[in-house]
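From first to last, the protein sequence lines stand for chains W and Y.
Position 117 of the first sequence, counted from 1, bears residue number 146 in this note's numbering, the numbering being contiguous throughout.
Position 17 of the second sequence, counted from 1, bears residue number 98 in this note's numbering, the numbering being contiguous throughout.
Idealized CB from N, CA, C, for every residue including glycine.
All values reported here derive from a predicted model rather than from experimental measurement.
One structure is given below, encoded as structure tokens.
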Amino acid sequence: MRAEAVNSEVHRFSSGGAALDFILQFLRKEGITDNPGAYAVWADCRFLDRFDRKQLSEKVPGLKFDFSRETAAESRIGITQMDWAIANTGSLAQNATPVEQRLASSLPLIHIALVATDKLVAGMPSLLTKINPTEIGYMAMITGPSRTADIERVLTIGVHGPERLIIIFVDEPGEQMKAANR
Amino acid sequence: MKKEFRESINKALHNPNLTGALGRFSEAYSASRIKAYEGIDFEALRTRIAELKSYAASHLEVLAELFTGNAEAKGARVFRTNSPEKVREYILKIARENGVGSVVKSKSMASEEIHLNPFLEEHGISVSETDLGEWIIQLAGQRPSHMVLPAIHMTKEEVADLFSKEVNERLSTDIPRLVKVARSRLRTKFLNAEMGISGANMAVAETGSIVIFTNEGNARLVTTLPKIHVAIIGIEKLVAGFEDIVPVMTALPRSATAQLLTSYVSIITGQIPNTDGSLKDLHIILMDNRRSEMAADPKFKQALQCIRCASCLNVCPVFRLVGGHVFGKIYTGGIGTILTAWFDELKKSEEIQSLCIQCGNCKEVCPAKIDIPDLILEIRRRLVKEEGPSLTQKAIFSIVNNRKLFHSTLRTASVTQKPFAKDGLIRHLPMFLSGLTEFRSLPAIAAVPFRDKFRRIRQPKLKEKAVFFAGCLIDFAYTGTGEAVMSILNKAGIEVLFPDKQTCCGAPARYSGAYEVAAQNAMDNIEALLIEDAGYIISACPTCTVALKHEFINTFESLGNGEWLPRARKVSGRATDFSTLLKKLVDEGRLTLKKGEHAGKFTFHDSCHVKRTLNVHGQPRELLKKAGFELVEMFESDMCCGMGGSYSLKLPEISAPILQKKLRNIREASVPIVAMDCPGCVMQIRGGFDKEGTAIKVIHTAELLEQHFE
Numbered sequence: 030m031r032a033e034a035v036n037s038e039v040h041r042f043s044s045g046g047a048a049l050d051f052i053l054q055f056l057r058k059e060g061i062t063d064n065p066g067a068y069a070v071w072a073d074c075r076f077l078d079r080f081d082r083k084q085l086s087e088k089v090p091g092l093k094f095d096f097s098r099e100t101a102a103e104s105r106i107g108i109t110q111m112d113w114a115i116a117n118t119g120s121l122a123q124n125a126t127p128v129e130q131r132l133a134s135s136l137p138l139i140h141i142a143l144v145a146t147d148k149l150v151a152g153m154p155s156l157l158t159k160i161n162p163t164e165i166g167y168m169a170m171i172t173g174p175s176r177t178a179d180i181e182r183v184l185t186i187g188v189h190g191p192e193r194l195i196i197i198f199v200d201e202p203g204e205q206m207k208a209a210n211r
Numbered sequence: 082m083k084k085e086f087r088e089s090i091n092k093a094l095h096n097p098n099l100t101g102a103l104g105r106f107s108e109a110y111s112a113s114r115i116k117a118y119e120g121i122d123f124e125a126l127r128t129r130i131a132e133l134k135s136y137a138a139s140h141l142e143v144l145a146e147l148f149t150g151n152a153e154a155k156g157a158r159v160f161r162t163n164s165p166e167k168v169r170e171y172i173l174k175i176a177r178e179n180g181v182g183s184v185v186k187s188k189s190m191a192s193e194e195i196h197l198n199p200f201l202e203e204h205g206i207s208v209s210e211t212d213l214g215e216w217i218i219q220l221a222g223q224r225p226s227h228m229v230l231p232a233i234h235m236t237k238e239e240v241a242d243l244f245s246k247e248v249n250e251r252l253s254t255d256i257p258r259l260v261k262v263a264r265s266r267l268r269t270k271f272l273n274a275e276m277g278i279s280g281a282n283m284a285v286a287e288t289g290s291i292v293i294f295t296n297e298g299n300a301r302l303v304t305t306l307p308k309i310h311v312a313i314i315g316i317e318k319l320v321a322g323f324e325d326i327v328p329v330m331t332a333l334p335r336s337a338t339a340q341l342l343t344s345y346v347s348i349i350t351g352q353i354p355n356t357d358g359s360l361k362d363l364h365i366i367l368m369d370n371r372r373s374e375m376a377a378d379p380k381f382k383q384a385l386q387c388i389r390c391a392s393c394l395n396v397c398p399v400f401r402l403v404g405g406h407v408f409g410k411i412y413t414g415g416i417g418t419i420l421t422a423w424f425d426e427l428k429k430s431e432e433i434q435s436l437c438i439q440c441g442n443c444k445e446v447c448p449a450k451i452d453i454p455d456l457i458l459e460i461r462r463r464l465v466k467e468e469g470p471s472l473t474q475k476a477i478f479s480i481v482n483n484r485k486l487f488h489s490t491l492r493t494a495s496v497t498q499k500p501f502a503k504d505g506l507i508r509h510l511p512m513f514l515s516g517l518t519e520f521r522s523l524p525a526i527a528a529v530p531f532r533d534k535f536r537r538i539r540q541p542k543l544k545e546k547a548v549f550f551a552g553c554l555i556d557f558a559y560t561g562t563g564e565a566v567m568s569i570l571n572k573a574g575i576e577v578l579f580p581d582k583q584t585c586c587g588a589p590a591r592y593s594g595a596y597e598v599a600a601q602n603a604m605d606n607i608e609a610l611l612i613e614d615a616g617y618i619i620s621a622c623p624t625c626t627v628a629l630k631h632e633f634i635n636t637f638e639s640l641g642n643g644e645w646l647p648r649a650r651k652v653s654g655r656a657t658d659f660s661t662l663l664k665k666l667v668d669e670g671r672l673t674l675k676k677g678e679h680a681g682k683f684t685f686h687d688s689c690h691v692k693r694t695l696n697v698h699g700q701p702r703e704l705l706k707k708a709g710f711e712l713v714e715m716f717e718s719d720m721c722c723g724m725g726g727s728y729s730l731k732l733p734e735i736s737a738p739i740l741q742k743k744l745r746n747i748r749e750a751s752v753p754i755v756a757m758d759c760p761g762c763v764m765q766i767r768g769g770f771d772k773e774g775t776a777i778k779v780i781h782t783a784e785l786l787e788q789h790f791e
């Protein structure tokens, strides 16, 4: 509810397979093709372990797993797996030290953020006690899409970052999604 | 006051977009801020922030060392300096060594403070601000008018013109479309820049981390895409521990924009990978620029607790009218005045400090518990100490400080005003005084002052006695309020004493920074008021009550006058405002309000000193309701009326529009009576309604209640 209040779109699936089906369908619906401006980039994550990336790329041409910043900049959709979700502010948090995590979540117009349902914590204090900042070079917290109100105080979504944030909670398999990224 | 300064005020007041957009934001802000803080104990939170920031300000040296060690262990390079010039040189050196031709910046007040952009541009490096508001300001060649909302003074038409020029295409004023144009234009700059410059909201000593809050996502790109990241951080952003992030993170977005959290928070600890696999060149500049000196000043140290949320601007009745450009400097509003006095120089704050009306709104909402009004008074005091009072001030104070002369001047005035006075009001004054009655009528000075009336009133001899401190307005203009206080106290079995030697409470001198004058007033009053068998010193003027209760002590303390402190404390212990005492007497059954009366509807105006210094809010409302009046609350009942003592004489151009808002809010309550506990507010509001010909009764609570006791 808190996430939706800040213009995020929230979905929940009981299995990784169901989440994947939703994502692939979404990519097609959004017109992802193998053309600049229409790519989708999916940053390395544990969720992908059980799927064959090559097959996925064949299913949706234009979906890329190994990508440069130029490719990310030409992508319509970026997909990452987040490490935590924070209930009381509707936020997501991620160890975003690997640069592809930041590229995929900040350059495209749409950010799809996967998160394991059991990684939901109550609030920021409980999250900050769970992490060791000296082991995380770039801790990223995301609360809704990119926004501004700098022209006449009119709230406008999607300035420099994504204009849509789609959060996908996956209920299982918990173990496999525990650590989002390697 | 210089002509240019007055002109800049008038220009701002006549900029409809500024007053429109800023006014709307400010009016909506209070309610949305409260909503954002729902479920949070604000007092506990801000106490925690004040403590952790105050601790940091006391340990700047240690924390800077610790931060440097920890950040460098993680591969960052930390540069510490007191000098803005050295910051600029350092950045230029890095840029030159790495062949940097273009820089993208996310918001950094510290970089504005040292005028970094023009410096880099002069040296052939192109700099792009990427925060949308900052970019608009950069394209317009202006200065930000608000710390959080830099371009709030500009219309979408002006923005469309600027962007059209920038992209060589005629753009419409459709805001989402303009934002898209900015996105694509700046995206190219992001991808091509060799260096990213950011500020930071916190620097954590324990871990060497920096914390950055943004809504637009520009800081994520600034810290990700270029291979070099330079963070310019004022050393007051240091906090000791990682757990200190939470309270600041809880307060900053709520206080700044009434958000639970900004869209993005980045915590960066050391070097991170670039897109080509190399590690980022991370330079962290800890800039002092007189902050350590500030930390060593016992008064101003607390200003380093500031987390730059700008809530003091958002609730300020003056800022919402004039915006930030009037302040002429980087930091604006209440806290900006204080920072300018330090980061720039004391003298530079001379004019802008006079904008403060001392309403205390900012102090109430400050998430770092900074007593901004008090620090502005301290600036005034130091200015007067350094430069002496102005000639007008000197003339006035020489009269105020001589009670006999002061009182006889007022008596003479009551005679000379006769041609201008009608029904107890002065509606027009000739020549150079005309500005004073342009937006409100002034009360005529009473033909018989209260001190003379007092002697003619026959009181029963009663056992309990209380001293009445009238204050100038009740003594010489609103004598009826004094009579009401007396008659009610007599009914409660209290005999009123009026020591003739009481004089001005010293507030006018104090609020002008003339503490020596205020101290003399305090001494005269203390001598007059400390009468052995009188348990209470009662005042029906909150400014006087605040003087009696707090400011005599504070003035002596500021001047290092220990000798008078014990007696000042004695006065403070006995002093009480009328409503608080009255409520107590009613609760104790010593006074009984007539029952079953239907006295009609009223609205209540909370005077600044009553609500925020004396913490009196419910008492007068409850008394009036008990007396059979029906309360209708107005919008912003506790917003200043624009009087501010001599403020309305010094800055009538600001006082008048503040009053207009107050009058509108009272009118919109649709009631025949507005009550208040302050004769100064009565003067302002009654004068305003008289001028516009509105028949709403403006009355002091004491007078309204007088006839309602058994």
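Closest by C-alpha distance to residue i, when choosing among the options
{"i": "Y/His-631", "options": "Y/Arg-650, Y/Met-190, Y/Trp-645, Y/Ser-620", "result": "Y/Arg-650"}
{"i": "W/Asp-200", "options": "W/Arg-57, W/Leu-77, W/Leu-143, W/Gly-187", "result": "W/Leu-143"}
{"i": "W/Ser-175", "options": "W/Met-168, W/His-189, W/Glu-181", "result": "W/His-189"}
{"i": "Y/Pro-307", "options": "W/Phe-80, W/Leu-121, W/Tyr-68, W/Val-128", "result": "W/Val-128"}
{"i": "W/Tyr-68", "options": "W/Pro-162, W/Phe-42, W/Arg-98, W/His-40", "result": "W/Arg-98"}
{"i": "Y/Lys-167", "options": "Y/Pro-354, Y/Phe-200, Y/Glu-178, Y/Ile-348", "result": "Y/Phe-200"}
{"i": "Y/Ile-90", "options": "Y/Leu-436, Y/Glu-132, Y/Ala-551, Y/Pro-354", "result": "Y/Leu-436"}
{"i": "Y/Gly-351", "options": "Y/Lys-155, Y/Gly-723, Y/Asn-179", "result": "Y/Lys-155"}
{"i": "Y/Ala-26", "options": "Y/Lys-186, Y/Ser-729, Y/Asp-255", "result": "The structure shown has nothing for residue 26 of chain Y, since chain Y only spans 82 to 791."}
Interface flag, residue i vs chain W, CB-CB below 8 Å
{"i": "Y/Leu-230", "result": "yes"}
{"i": "Y/Met-604", "result": "no"}
{"i": "Y/Leu-394", "result": "no"}
{"i": "Y/Phe-106", "result": "yes"}
{"i": "Y/Ser-183", "result": "no"}
{"i": "Y/Thr-162", "result": "no"}
{"i": "Y/Ile-217", "result": "yes"}
Beta carbon proximity, residue i to chain Y, threshold 8 Å
{"i": "W/Pro-174", "result": "yes"}
{"i": "W/Gly-190", "result": "yes"}
{"i": "W/Tyr-167", "result": "yes"}
{"i": "W/Pro-137", "result": "no"}
{"i": "W/Pro-65", "result": "no"}
{"i": "W/Glu-181", "result": "yes"}
Beta-carbon contacts of residue i that lie in its chain and below 6 Å, excluding the five residues immediately before and after
{"i": "W/Arg-211", "result": "Only weak support exists for where W/Arg-211 lies, its pLDDT of 49 falling under 50; the value from the coordinates is given anyway. Counting only Cβ-Cβ distances below 6 Å, and skipping sequence neighbours, we find nothing."}
{"i": "W/Gln-110", "result": "Cys-74, Phe-76, Leu-143, Ala-209"}
{"i": "Y/Asn-198", "result": "Val-208"}
{"i": "Y/Ala-783", "result": "Thr-562, Ala-565, Val-566, Ala-621, Phe-659"}
{"i": "Y/Gly-441", "result": "Pro-454, Cys-689, Arg-693"}
Cut-off 7 Å between Cβ atoms - residues of its own chain near residue i, not counting five sequence neighbours on either side
{"i": "Y/Ala-281", "result": "Ile-291, Val-292, Ile-293, Ala-312, Ile-314, Lys-318"}
{"i": "Y/Arg-767", "result": "Val-779"}
{"i": "Y/Glu-88", "result": "none"}
Distance CB(residue i)-CB(residue j) smaller than 8 Å
{"i": "Y/Ile-411", "j": "Y/Leu-456", "result": "no"}
{"i": "Y/Asn-395", "j": "Y/Tyr-110", "result": "yes"}
{"i": "Y/Leu-629", "j": "Y/Ser-653", "result": "yes"}
{"i": "Y/Ala-339", "j": "Y/Ser-107", "result": "no"}
{"i": "W/Leu-149", "j": "W/Arg-193", "result": "no"}
{"i": "Y/Ala-138", "j": "Y/Gln-386", "result": "yes"}
Own chain, CB closer than 8 Å to residue i, minus 5 neighbours either side, in chain order
{"i": "Y/Asn-273", "result": "Ser-183"}
{"i": "Y/Met-190", "result": "Met-228, Gly-280, Gly-315, Arg-389, Ile-411, Tyr-412"}
Q: Give, in chain order, every residue of the region 234-259 of chain Y whose Cβ lies closer than 8 Å to some Cβ of chain W.
A: Of all residues in the region 234-259 of chain Y, only Met-235, Thr-236, Lys-237, Val-240, Ile-256, Pro-257, Leu-259 come within less than 8 Å of chain W when Cβ atoms are compared, listed by chain position.
Q | Members of the region 335-353 of chain Y near chain W, C-beta cut-off 9 Å | A | Correct list: Thr-338, Gln-340, Leu-341, Leu-342, Thr-343, Ser-344, Tyr-345, Val-346, Ser-347, Ile-348, Ile-349, Thr-350, Gly-351, Gln-352, Ile-353.
Q | the region 140-168 of chain W: positions lying closer than 7 Å to chain Y by Cβ | A | Met-153, Pro-154, Leu-157, Pro-162, Thr-163, Ile-165, Gly-166, Tyr-167, Met-168
Q: Compile a chain-ordered list of the residues in the region 293-304 of chain Y whose CB is closer than 7 Å to at least one CB of chain W.
A: Asn-296, Glu-297, Gly-298, Asn-299, Arg-301, Leu-302
**Q.** Against chain W: residues of the region 307-331 of chain Y by CB proximity under 8 Å
**A.** Phe-323, Glu-324, Ile-326, Val-327, Met-330, Thr-331
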